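Input: a single structure, listed below in structure tokens.
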Amino acid sequence: MIHHPVWSRQAVLYELNVRQFTPSGTLRAAQRRLKSLRALGVDALWLMPVYPIGEEGRKGSLGSYYSIRDYCAINPEMGTMADFDAFVRAAHRLGMKVILDWVANHTARDARWIAEHPDWYEWENGEPKIPCDWSDTAKLNYENRALWQAQVDAMRFWLTEHAVDGFRCDMAMLVPTPFWNFAAAELRKTKEDLFMLCEAEELDLVEEAFGVHYGWKMHHLMNDVAQQKCRVTALRDYLWEDRHHWPQGSMRLSFTSNHDENSWSGSEFARMGEAHEALSAFTFVAPRALPLIYTGQEIGYDHTFAFFDRDPIKQYKENEHTARYQKLCALFHDFKALAFDEHPSWVEIRNNAEDCLLILVRESSEDRVVAVMNLSPYTIQAEYNTGIYAGKYRDWIREAEYDLPTEVSEIMAPWAYRLLTLKK
2 MIHHPVWSRQ AVLYELNVRQ FTPSGTLRAA QRRLKSLRAL GVDALWLMPV
52 YPIGEEGRKG SLGSYYSIRD YCAINPEMGT MADFDAFVRA AHRLGMKVIL
102 DWVANHTARD ARWIAEHPDW YEWENGEPKI PCDWSDTAKL NYENRALWQA
152 QVDAMRFWLT EHAVDGFRCD MAMLVPTPFW NFAAAELRKT KEDLFMLCEA
202 EELDLVEEAF GVHYGWKMHH LMNDVAQQKC RVTALRDYLW EDRHHWPQGS
252 MRLSFTSNHD ENSWSGSEFA RMGEAHEALS AFTFVAPRAL PLIYTGQEIG
302 YDHTFAFFDR DPIKQYKENE HTARYQKLCA LFHDFKALAF DEHPSWVEIR
352 NNAEDCLLIL VRESSEDRVV AVMNLSPYTI QAEYNTGIYA GKYRDWIREA
402 EYDLPTEVSE IMAPWAYRLL TLKK
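2 is the number of the first residue of the sequence shown in the numbering used here; add one for each residue after it.
Laid out in structure tokens, this is it:
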């Protein structure tokens, strides 16, 4: 059975890179900006790892967040445990949830567990094994069931002692699925409305342990459409195939950027160019979507963050990008048609330019959203029949009334889009 906290069914998630979010890179400084994130429309904050970082094999000046020395402590560069607790309390007072990044596949090479429990690791030539090419980390050994309980105890520590609301689980497919099933079942005994997101797209992970999975395939298709490595027909095919691929009740993290994409592949501006605005809108109206905003996107920060060093946002100032994301968040919150449903339904309006134009209808008993999107670098003559969906709408982004006729014939500019809304 797939579990979803009620709050997550129509939520916007924000990935908070504490190190780069403010000039000081601390939890206290991040806390001072929580009101602006709530005003943006954020419902839940996913904190990149806040734990102490290993020294052995450290990369850059500060190291990787994902090289963890102690699962039950706070990185002193970010503050203290008291600072963390204050951050969580402030977020909760504003109505936001707090999600911790959890790295179960590996620890730092000088983690406390290596000295205390060497049998919890895989060894090679007398040294803890290095997973993949992450030379600053040590691979944990899940053949040892004592490790399973230790991981659960560490996760429960944050739930019970520090009031977090769930976990985003890093590279979850590298850890045995039976462990995740065990962990989720045990943790839900402590917190029934536990939120669990896996950085993976393996089916077996979402059948029991995780309610939300990464939408990597959809994301890469969006990049390819933006770069015209493929046409929007590939994205359309994905949506149709996706209808029956995932178990009923699974939800997809929908994004144009995150910490991996930003640091290793570039900002959404670098990857998507002029398509970035239309594709960000798509992440809010796509079926099964849990939309994600990454640090800096809300101000249009066109920068690739350094991963292992301090590289804070130079000037944090709200602007037209902030206003656009506020509108997208409000749309997602205000229309039941976009809320998560165990039986997601959507209709496609066919048209004369289907290698460029995608038209989706999302509808509930209370309202309707029609997304008309020219996902191409070409000016097109768009022609289509709206049938029963013709009528008087509101153009959500432009804040204007819009009359959608039965027979549409219009010129659409490259990457132009329109989000039409109707309250029944």
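Positions of the beta carbon are idealized from the N, C-alpha and C atoms, including for glycine. The structure displayed is predicted, hence computed values, not measured ones.
Checklist entry - To which residues of the same chain is residue 99 closer than 6 Å at the C-beta, ignoring the five residues directly before and after it? => result Along the sequence shown, read from residue 1 onward, the residue named residue 99 stands at position 98. Excluding positions up to five away in sequence, the list reads 46, 89, 92, 165, 166.
Next on the checklist: Using only CA atoms, which one of 316, 243, 369 lies nearest to residue 393?
Outcome noted: Position 392 of the sequence shown, counted from the start, is the residue given in the question as residue 393. Checking every option, the nearest Cα to that of residue 393 belongs to 369.
Checklist entry - For residue 403, does the three-state DSSP call read helix, strand or coil? => result The count along the sequence shown starts at 1 and reaches residue 403 at position 402. Residue 403: strand per DSSP, three-state reduction.
Checklist entry - Residues bridged to residue 302 by DSSP? => result Walking along the sequence shown from the start, residue 302 turns up at place 301. Bridge partners of residue 302: none, in fact.
Checklist entry - Just checking my contact of residue 27 with residue 82 at CB under 8 Å: how many whole Å lie between their CB atoms? => result The residue given as residue 27 occupies position 26 in the sequence shown. The residue given as residue 82 occupies position 81 in the sequence shown. Contact flag wrong, Cβ pair sits at about 13 Å.
Item to check | Where residue 214 falls, given that 16 or more other Cβ within 10 Å makes a residue buried | outcome: The residue you call residue 214 lines up with position 213 of the sequence shown. With 16 or more Cβ atoms within 10 Å of its Cβ, residue 214 is classed as buried.
Item to check | Contact between the region 138–153 and the region 103–117 (3+ Cβ pairs under 8 Å) | outcome: yes
Next on the checklist: Could you compute how far the alpha carbon of residue 34 sits from the alpha carbon of residue 279?
Outcome noted: Position 33 of the sequence shown, counting from 1, holds the residue named residue 34. Position 278 of the sequence shown, counting from 1, holds the residue named residue 279. Taking the straight line joining both Cα atoms gives about 27 Å.
Checklist entry - With distances taken from CA atoms, which of 234, 407, 382, 423 is nearest residue 400? => result Start at 1 with the first residue of the sequence shown, and residue 400 comes out as number 399. Of 234, 407, 382, 423, the residue nearest in Cα terms is 423.
Checklist entry - For residue 97, which option in 119, 267, 337, 48 has the closest C-alpha, if you only look at C-alpha atoms? => result Translated into positions along the sequence shown, residue 97 becomes position 96. The shortest C-alpha separation from residue 97 is found at 48.
Next on the checklist: Contact between the region 197–217 and the region 318–326 is defined here as three or more beta-carbon pairs at a separation below 8 Å; is this criterion met?
Outcome noted: no
Checklist entry - Which of helix, strand or coil does DSSP assign to residue 133? => result Numbered from its first residue, the sequence shown carries residue 133 at position 132. Looking at residue 133 - three-state DSSP - the assignment turns out to be coil, as it is neither helix nor strand.
Item to check | Within 7 Å, strictly: CB atoms of residue 383 and residue 358 | outcome: Reading the sequence shown from its first residue, position 382 is the one you call residue 383. Reading the sequence shown from its first residue, position 357 is the one you call residue 358. Yes, Cβ-Cβ distance for residue 383 and residue 358 is below 7 Å.
Next on the checklist: Going by DSSP, what residue range makes up the alpha helix (DSSP H) through residue 182?
Outcome noted: Your numbering for residue 182 matches position 181 in the sequence shown. Element bounds for residue 182: 178–191.
Checklist entry - Anyone know if the C-beta pair for residue 102 and residue 59 falls short of 7 Å? => result Numbered from 1 along the sequence shown, position 101 holds the residue referred to as residue 102. Numbered from 1 along the sequence shown, position 58 holds the residue referred to as residue 59. For residue 102 and residue 59, no; Cβs fall outside 7 Å.
Item to check | Inter-stretch contact at 8 Å, needing at least 3 Cβ pairs: the region 409–419 / the region 369–381 | outcome: yes
Item to check | Other residues of its chain near residue 350: CB distance less than 6 Å, five sequence neighbours each side excluded | outcome: Along the sequence shown, one-based indexing puts residue 350 at 349. Only 360, 385 meet the Cβ criterion.
Checklist entry - alpha helix (DSSP H) containing residue 289: first to last residue? => result As a working note, residue 289 is residue 288 in the sequence shown. Careful: residue 289 lies outside any alpha helix (DSSP H) and carries neither H nor E.
Next on the checklist: Using a 10 Å radius around the Cβ and a threshold of 16 neighbouring Cβ atoms, would you call residue 7 buried or exposed?
Outcome noted: As a working note, residue 7 is residue 6 in the sequence shown. Flag for residue 7 reads exposed.
Next on the checklist: DSSP three-state label for residue 369, please.
Outcome noted: On the sequence shown, position 368 is the one that residue 369 refers to. Residue 369: strand per DSSP, three-state reduction.
Checklist entry - Which term fits residue 244, buried or exposed, when burial requires 16 or more other beta carbons within 10 angstroms of its beta carbon? => result Locating residue 244 in the sequence shown gives position 243, counting from the first residue. It counts as exposed.
Item to check | Contact check, residue 305 vs residue 292, beta carbons under 7 Å | outcome: Mapped onto the sequence shown, residue 305 falls at position 304. Mapped onto the sequence shown, residue 292 falls at position 291. Not closer than 7 Å, so no.
Checklist entry - Does DSSP put residue 318 in a helix, in a strand, or in coil? => result In the sequence shown, the residue the question calls residue 318 occupies position 317. In the structure shown, residue 318 sits in coil (DSSP, three-state: anything other than H, G, I, E or B).
Checklist entry - Roughly how many whole angstroms lie between the Cα atoms of residue 289 and residue 333? => result The sequence position of residue 289 within the sequence shown is 288, counting from 1. The sequence position of residue 333 within the sequence shown is 332, counting from 1. Cα to Cα, the separation comes out at about 12 Å.
Checklist entry - What residue from 414, 372, 381 has the CA that sits closest to residue 403's CA? => result Translated into the one-based positions of the sequence shown, residue 403 becomes position 402. Here the closest residue by C-alpha is 372.
Checklist entry - Going by the CB atoms, is the gap between residue 328 and residue 367 shorter than 7 Å? => result Translated into the one-based positions of the sequence shown, residue 367 becomes position 366. Translated into the one-based positions of the sequence shown, residue 328 becomes position 327. No, these two residues do not count as a Cβ contact at 7 Å.
Checklist entry - In whole angstroms, what separates the C-alpha of residue 108 from that of residue 76? => result Along the sequence shown, one-based indexing puts residue 108 at 107. Along the sequence shown, one-based indexing puts residue 76 at 75. Roughly 14 Å between the two C-alpha positions.
Item to check | Sub-7 Å separation of residue 143 and residue 104 beta-carbons | outcome: Working through the sequence shown from its first residue, we reach residue 143 at position 142. Working through the sequence shown from its first residue, we reach residue 104 at position 103. Against a cut-off of 7 Å, the Cβ pair of residue 104 and residue 143 comes out as no contact.
Item to check | Residues near residue 203 in its chain [Cβ-Cβ closer than 6 Å; skip 5 each side] | outcome: Locating residue 203 in the sequence shown gives position 202, counting from the first residue. Once the five neighbours on either side are set aside, the close Cβ partners of residue 203 are 174.
Item to check | Separation of residue 410 from residue 22, as counted between CA atoms | outcome: In the sequence shown, counting from the first residue as 1, residue 22 sits at position 21. In the sequence shown, counting from the first residue as 1, residue 410 sits at position 409. So the alpha carbons of these two residues sit roughly 45 Å apart.
Next on the checklist: Between residue 259 and residue 295, how many whole angstroms is the CB-CB distance? I'm expecting something under 8 Å.
Outcome noted: Numbered from its first residue, the sequence shown carries residue 259 at position 258. Numbered from its first residue, the sequence shown carries residue 295 at position 294. Correct: roughly 5 Å between the Cβ atoms.
Item to check | Segment limits, beta strand (DSSP E) that includes residue 384 | outcome: As a working mapping, residue 384 is identified with position 383 in the sequence shown. Residues 381–386.
Checklist entry - Which residues bound the beta strand (DSSP E) around residue 424? => result As a first step, residue 424 is located in the sequence shown; it is residue number 423 there, counting from the start. 418–424 is the extent of the beta strand (DSSP E) around residue 424.
Item to check | Start and end residues, beta strand (DSSP E) containing residue 16 | outcome: Mapped onto the sequence shown, residue 16 falls at position 15. Where residue 16 is concerned, the enclosing beta strand (DSSP E) stretches over 14–17.
Item to check | Option in 346, 347, 365 with minimal Cα separation from residue 335 | outcome: For the purposes of this step, residue 335 is identified with residue 334 of the sequence shown, where counting begins at 1. It is 365 whose Cα lies nearest to the Cα of residue 335.
Checklist entry - How is the beta strand (DSSP E) around residue 70 delimited, first residue to last? => result Here residue 70 refers to the residue found at position 69 when the sequence shown is read from its first residue. Unbroken run through residue 70: none, as it is neither H nor E.
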